[in-house]
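Asker: Chains A and B, in that order, give the protein sequences. In this text, residue positions in the first sequence follow the numbering used here: the first is 26, and each later residue adds one. In this text, residue positions in the second sequence follow the numbering used here: the first is 3, and each later residue adds one. For reference, the structure I am asking about is given below.
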Amino acid sequence: MATPASWMSSRAIALLALPAMLFLAVLFFYPLGTLIAYSFSGSGPAANYQKILANPVYLQILQRTFTISVATTLICALIGYPLARQIVAASPRGRAILLAIILVPFWTNLLVRSYGWMIILNPKGAINQALLALGVIDAPLALVYNTTGVLIGMVQIMLPYMIFPIVAVMSRIDARLVIAARSLGASPLASFIFVYLPMTLPGLMAGALLVFTISLGFFVIPAILGGPRDLMLAQLIEFNINNTLNWGFAGALSTVLLVATVGVYLVAQRWFGLGSIWGAIAR
Amino acid sequence: MATFNSRRRFCGQILAAAAGVAAPTFSARAQSKKIVYATWGGTWEKAIRGAWFDPFTKKTGIEVVAIGGNTYGKFKAMVDSGRVEWDVVEVNPDFQWIGQKDNLLEKLDFQVIDTSKIMDGQHLITPYSVPQVLWSRVRFYNTNAFKGDNHPKSWADVWDVKRFPGKRTFASKANSGTLEVALIADGVPMDKLYPLDVDRALKSLAKIKGDIIWGDTNAQLEQFMKDGQAVTGLVPDGRALAAVDNGAPIVIDYSQSMMTWSTMVIPRGAPNRDGAMQFLKYAMTPEAQAAVALAYTYGPVTPDAYKMIPMDRAKILSGGPQQNGKYFLADEKWWGENLATANDKLNAWRMA
Chain A
26 MATPASWMSS
36 RAIALLALPA
46 MLFLAVLFFY
56 PLGTLIAYSF
66 SGSGPAANYQ
76 KILANPVYLQ
86 ILQRTFTISV
96 ATTLICALIG
106 YPLARQIVAA
116 SPRGRAILLA
126 IILVPFWTNL
136 LVRSYGWMII
146 LNPKGAINQA
156 LLALGVIDAP
166 LALVYNTTGV
176 LIGMVQIMLP
186 YMIFPIVAVM
196 SRIDARLVIA
206 ARSLGASPLA
216 SFIFVYLPMT
226 LPGLMAGALL
236 VFTISLGFFV
246 IPAILGGPRD
256 LMLAQLIEFN
266 INNTLNWGFA
276 GALSTVLLVA
286 TVGVYLVAQR
296 WFGLGSIWGA
306 IAR
Chain B
3 MATFNSRRRF
13 CGQILAAAAG
23 VAAPTFSARA
33 QSKKIVYATW
43 GGTWEKAIRG
53 AWFDPFTKKT
63 GIEVVAIGGN
73 TYGKFKAMVD
83 SGRVEWDVVE
93 VNPDFQWIGQ
103 KDNLLEKLDF
113 QVIDTSKIMD
123 GQHLITPYSV
133 PQVLWSRVRF
143 YNTNAFKGDN
153 HPKSWADVWD
163 VKRFPGKRTF
173 ASKANSGTLE
183 VALIADGVPM
193 DKLYPLDVDR
203 ALKSLAKIKG
213 DIIWGDTNAQ
223 LEQFMKDGQA
233 VTGLVPDGRA
243 LAAVDNGAPI
253 VIDYSQSMMT
263 WSTMVIPRGA
273 PNRDGAMQFL
283 KYAMTPEAQA
293 AVALAYTYGP
303 VTPDAYKMIP
313 MDRAKILSGG
323 PQQNGKYFLA
333 DEKWWGENLA
343 TANDKLNAWR
353 MA
């Protein structure tokens, strides 16, 4: 692997990174600092955090947020991994078609997609009516206005984030390694588990981390497709920003979510070595 | 329309709020010849352009520029950062108190704005706001589900899931009338609703918890009326009328309805404060109120406007003859002061 430094001075690299750094400083780190500062405003320095602890509903919603995000990540991995393998193995034409199928919904407005799901999944919607007509079911399935609906909506939106890192890693794997394993007597399953899967793990982990962290911030999907219990923290943050103007409390909720997310990231780094993950994708 | 802020502009607001960098300055604006009006947009914006903006410009020479994204968050961000772009903002009435508490509002000049024509009603006018139009939350029922005279005629009937089976729909926000009608169903008279007993309302609501289909947006509520996912419920009158226009098999029942209003305010530090006062003065005339009631299905706040509205139009508007004596006025001051607590209780109820 040729490192960029072999043909470019480190000062030049720093200069190239400067616009991105400035962009992040102004549009990310400064607002983030302000948000955290807001969280310590109010009647006492930690009043907003005490409020979070005082009412169990906030921690319940935080827990729900994590549960939904973990479930979304797992389902995305189960669907995304075989699909990524299919994309890598397909002919150029087949690959283009598969990518188009994945990307077209990706470019469609989130709200439009959510309403689309609502119309398809509801008890009087296309799926239930078709299954009823075919005699597969006797009563409509509860596919929406519950956690099922939230997961269907979120998985569809998050799938590309899972698939693309996996495809990036898979397409760089030397297929002969698996052939070698087979020729040495490994069963198809063993060659997958001991040879192929470990090599693709960085992509899977990167995808999982992307899906998980982005899922934590969802609020349109659970609001439209979820049931009464499918409240996510971002909905609560949005309410405090836009309805009650309690920005201190919104800041505290955001900070708690941020800290929890960074915590997950650090655990993932310790277990899986994220440096190698990003390296595997960038390579 | 008059409720439910768009959530999509949320991220932009945070950036604008925190850094104040996203807001361009308008110091060079020709102060007296232009006002910026922050609106909910859509078909409503088209209606007020024809009914209010154009005639106002013709009369005063002041141009009205409409701009979207009138969320509370953006409002606060602008005023706090001292870069106010808006002169007049249409908001929900709870903002009369929420905005006042955060010192975001300009006191109105009632030497300029004539409020004498505005109807009586608790908190319709405050030192910081005038009512814009009236609208209501009304009960509907589906005529395919309930034939002939056998349909829910009260909120108590809606709570009777055995006699009237099927899903009921309510808007999911705490201050969308659900708690009020839950109390009415539980036997509280319409004139004794406030201060709202939230715990009792939630206890009443629990009786039909499994039969509710919640609408997060007005578009969802309209969809539920159209496709019959809900057979009855509480919905904004404008959305129910739109559903009827689109052939939904529903009937609107104005009994035990909740009337509320939308309101107009001037942000503290508005660039053209005087122009904004002139605009509010114009909008509070019976002529302007009649014009908007003809252009959109909201009721006028000045009773005199009905002299200029034909009967078949009047009887679909909030405050029209069909609603006479059948409604209660939402106590928006109570909501402005208790929204956060009520929302926490509603969320805890949802999670339980």
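All C-beta atoms, glycine included, are put in the ideal place defined by N, C-alpha and C.
#1: Any beta carbon from chain A within less than 8 Å of Arg352(B)'s own beta carbon?
#2: If the cut-off is 7 Å on Cβ atoms, which residues from the segment 72-99 of chain B count as contacting chain A, listed in chain order?
#3: Going by DSSP in three states, Ala40(B) sits in which element: helix, strand or coil?
#4: Check for me: the beta strand (DSSP E) holding Thr234(B) runs from which residue to which?
#5: Could you check the C-alpha separation between Thr90(A) and Leu166(A) for me, to the nearest Å?
#6: Identify the residues that DSSP records as bridge partners of Arg170(B): which are they?
#7: Expressed to the nearest angstrom, what Euclidean distance is found between the alpha-carbon atoms of Met26(A) and Leu135(A)?
#8: Hey, does Asn340(B) have any beta-carbon neighbour from chain D nearer than 8 Å?
#9: Taking 8 Å as the CB-CB cut-off, is Asp104(B) touching chain A?
#10: Could I get the ranges of all uninterrupted alpha helix (DSSP H) runs contained in the segment 277-349 of chain B, with 4 residues as the minimum, in chain order?
#11: Is Pro26(B) buried or exposed, if buried means 16 or more other CB atoms sit within 10 Å of its CB?
#12: CB-CB under 7 Å to Ala151(A), same chain, minus the five flanking residues each way: which ones, in chain order?
#13: Would you kindly report the start and end of the unbroken beta strand (DSSP E) that includes Asp255(B)?
#14: So, is Glu108(B) buried or exposed, given that buried needs 16 or more other C-beta atoms within 10 angstroms?
#15: When you compare only the Cα positions, how much space is there between Arg141(B) and Ala295(B)?
#16: List, in chain order, every chain B residue whose beta-carbon is nearer than 9 Å to that of Phe48(A).
#17: With 8 Å set as the bound, which would you pick, yes or no: does the beta-carbon of Trp337(B) sit closer than that to a beta-carbon of chain A?
#18: Beta carbon of Ala344(B), beta carbon of Val200(B): below 8 Å?
#19: May I ask you to list the residues that DSSP assigns as paired with Val289(A)?
#20: Confirm, please, whether the CB-CB distance from Gly271(B) to Ile37(B) is below 8 Å.
#21: Less than 7 Å between the CB of Asp89(B) and some heavy atom of the ligand COA, yes or no?
#22: So, are the CB atoms of Pro154(B) and Tyr143(B) less than 8 Å apart?
#23: Just curious, the beta strand (DSSP E) that Ser131(B) is in, first and last residue?
#24: In this structure, how does DSSP classify Thr59(A) when only helix, strand and coil are distinguished?
#25: Could you list which residues in chain B have their beta carbon closer than 8 Å to that of Ile86(A), in chain order?
#26: In this structure, what does DSSP give as the bridge partners for Ala151(A)?
#27: What does Leu107(B) pair with, by DSSP beta-bridge criteria?
#28: Given that a residue counts as buried once 16 or more other Cβ atoms are within 10 Å of its Cβ, and exposed if not, what is Arg36(A)?
#29: In terms of residues, what are the limits of the alpha helix (DSSP H) holding Ala68(B)?
#30: Determine the contact status of Ile252(B) and Thr117(B), defining contact as a CB-CB distance below 8 Å.
#31: Would you say Ile93(A) lies against chain B (beta-carbon separation less than 8 Å)?
#32: Taking Cβ to Cβ, would you say Met266(B) is nearer than 8 Å to Val66(B)?
#33: 8 Å is my cut-off, CB to CB: does Ile210(B) come that close to chain A?
#34: For Ile215(B), which residues in chain A fall below 7 Å Cβ to Cβ?
#35: If we cut at 8 Å on Cβ distances, does Val289(A) have a partner in chain B?
#36: Tell me where the alpha helix (DSSP H) around Val114(B) begins and ends.
Answerer: From the atom records:
#1: Along the second sequence, read from residue 1 onward, the residue named residue 352(B) stands at position 350. Closer than 8 Å to some Cβ of chain A, the Cβ of Arg352(B) qualifies, so yes.
#2: Thr73, Tyr74, Gly75 and Lys78
#3: Residue mapping note: residue 40(B) aligns to position 38 of the second sequence, counting from 1. Strand at Ala40(B).
#4: To locate residue 234(B), count along the second sequence from 1; it is residue 232. That run of the beta strand (DSSP E) goes Thr234 to Pro238.
#5: The count along the first sequence starts at 1 and reaches residue 90(A) at position 65. The count along the first sequence starts at 1 and reaches residue 166(A) at position 141. For Thr90(A) and Leu166(A), the distance between alpha carbons rounds to 24 Å.
#6: Numbered from 1 along the second sequence, position 168 holds the residue referred to as residue 170(B). Bridge partners of Arg170(B): Ile214(B) and Thr234(B).
#7: Your numbering for residue 26(A) matches position 1 in the first sequence. Your numbering for residue 135(A) matches position 110 in the first sequence. Reliability fails at Met26(A), whose pLDDT of 46 lies under 50, so the model's placement of it is uncertain and the value that follows must be treated cautiously. One C-alpha to the other measures close to 39 Å.
#8: Among the protein chains in the structure shown, which are A and B, there is no chain D.
#9: Reading the second sequence from its first residue, position 102 is the one you call residue 104(B). Output row for Asp104(B): interface = yes.
#10: 288-297 and 313-316
#11: Position 24 of the second sequence, counted from the first residue, corresponds to residue 26(B). Here the model assigns Pro26(B) a pLDDT of 43, short of 50, so the residue's position is not dependable, and the following value carries that caveat. Exposed: under 16 other Cβ atoms inside 10 Å.
#12: Your numbering for residue 151(A) matches position 126 in the first sequence. So the list reads Ile145, once near-sequence residues are dropped.
#13: If you number the second sequence from 1, residue 255(B) lands on position 253. Asp255(B) -> beta strand (DSSP E) spans Ile252 to Val267.
#14: In the second sequence, residue 108(B) corresponds to position 106, counting from 1. Flag for Glu108(B) reads buried.
#15: Here residue 141(B) is taken as the residue at index 139 of the second sequence, counted from 1. Here residue 295(B) is taken as the residue at index 293 of the second sequence, counted from 1. Going by the C-alpha atoms only, they are around 21 Å apart.
#16: Mapped onto the first sequence, residue 48(A) falls at position 23. Under the 9 Å cutoff, chain B gives no residues; its nearest Cβ is about 12 Å from Phe48(A).
#17: Position 335 of the second sequence, counting from 1, holds the residue named residue 337(B). No, Trp337(B) lies away from the interface with chain A (no Cβ there is under 8 Å from its Cβ).
#18: Along the second sequence, one-based indexing puts residue 344(B) at 342. Along the second sequence, one-based indexing puts residue 200(B) at 198. Yes, the pair counts as a contact, with Cβ atoms nearer than the cut-off.
#19: If you number the first sequence from 1, residue 289(A) lands on position 264. According to DSSP, which records beta bridges pairwise, Val289(A) is partnered with nothing at all.
#20: Along the second sequence, one-based indexing puts residue 37(B) at 35. Along the second sequence, one-based indexing puts residue 271(B) at 269. No. Outside cutoff.
#21: Annotation note on the ligand COA: not contained in the displayed structure, which lists no ligands.
#22: Along the second sequence, read from residue 1 onward, the residue named residue 154(B) stands at position 152. Along the second sequence, read from residue 1 onward, the residue named residue 143(B) stands at position 141. Yes. Within cutoff.
#23: By one-based count along the second sequence, residue 131(B) stands at place 129. Ser131(B) -> beta strand (DSSP E) spans Ser131 to Asn144.
#24: Position 34 of the first sequence, counted from the start, is the residue given in the question as residue 59(A). Residue state, collapsed to three classes: helix.
#25: For the purposes of this step, residue 86(A) is identified with residue 61 of the first sequence, where counting begins at 1. Within chain B, the residues near Ile86(A) are Asn349 and Met353.
#26: What you label residue 151(A) is simply residue 126 of the first sequence in a count that begins at 1. Answer by DSSP bridge pairing: none, since Ala151(A) is not bridged.
#27: For the purposes of this step, residue 107(B) is taken as the residue at position 105 of the second sequence. Leu107(B) is bridged to Pro269(B).
#28: Along the first sequence, read from residue 1 onward, the residue named residue 36(A) stands at position 11. Exposed, since its Cβ has fewer than 16 Cβ neighbours within 10 Å.
#29: Mapped onto the second sequence, residue 68(B) falls at position 66. It is not in any alpha helix (DSSP H) - Ala68(B) instead sits in the beta strand (DSSP E) that spans Glu65 to Ile69.
#30: The sequence position of residue 252(B) within the second sequence is 250, counting from 1. The sequence position of residue 117(B) within the second sequence is 115, counting from 1. Cβ distance not < 8 Å, so Ile252(B) and Thr117(B) don't count as in contact.
#31: As a first step, residue 93(A) must be located in the first sequence, where it is residue number 68. Chain B contact via Cβ: absent.
#32: Walking along the second sequence from the start, residue 266(B) turns up at place 264. Walking along the second sequence from the start, residue 66(B) turns up at place 64. It is not a contact, given that the beta carbons lie outside the stated cut-off.
#33: Start at 1 with the first residue of the second sequence, and residue 210(B) comes out as number 208. Ile210(B) does not count as touching chain A.
#34: Sequence index remark: in the second sequence, residue 215(B) carries index 213 (1-based). The answer, in chain order, is Tyr170.
#35: Translated into positions along the first sequence, residue 289(A) becomes position 264. No, no contact with chain B.
#36: Position 112 of the second sequence holds residue 114(B). From DSSP, Val114(B) is part of no alpha helix (DSSP H); its letter is neither H nor E.
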